[in-house]
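Enquirer: Position 55, counted from 1, in the sequence shown is what the numbering used here calls 223; the numbers after and before it change by one each time, with no gaps.
Glycine included, every Cβ here is placed at the ideal spot set by N, Cα and C.
The model shown is predicted, which means the values in this text are computed figures rather than measured ones.
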Amino acid sequence: MLDTMILSLAQLCGSSCNRGLEQTTRRQTKALTDVIHTILPLAERCLQLHEEGKKTPNKTLSVDWIFSRNNVQSAGFSERHRH
Numbered sequence: 169m170l171d172t173m174i175l176s177l178a179q180l181c182g183s184s185c186n187r188g189l190e191q192t193t194r195r196q197t198k199a200l201t202d203v204i205h206t207i208l209p210l211a212e213r214c215l216q217l218h219e220e221g222k223k224t225p226n227k228t229l230s231v232d233w234i235f236s237r238n239n240v241q242s243a244g245f246s247e248r249h250r251h
């Protein structure tokens, strides 16, 4: 399920870029790029944890859990990247 959500988001981001690249401002492009660069390492970390058989307490990958201090740092991000 997580891999499907990640793939859908990646496709949405890609189609948005391809559809209106000439109409997209530099600021919007940078914002989209930042989102993609944030999501990919976190997604990789989630998949790694899933493969290792680790589960969240309620067996779902909640946003709070994904962005918990240990998982964010494991994905290569510091606390200042949290929004």
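Just verifying my parser: in three-state terms, what is the DSSP assignment at threonine 206?
Expert: The answer is helix: DSSP assigns threonine 206 an H, G or I state.
Enquirer: For threonine 153, which of helix, strand or coil comes out of DSSP?
Expert: Here the chain covers residues 169 to 251 and nothing more, so residue 153 does not appear.
Enquirer: By the 10 Å Cβ neighbour count, where 16 or more other Cβ atoms means buried, how is alanine 143 classified, buried or exposed?
Expert: The question about residue 143 has no answer here: the residues shown for the chain are numbered 169 through 251.
Enquirer: In angstroms, rounded to a whole number, what distance separates the CA positions of threonine 206 and glutamine 216?
Expert: 16 Å
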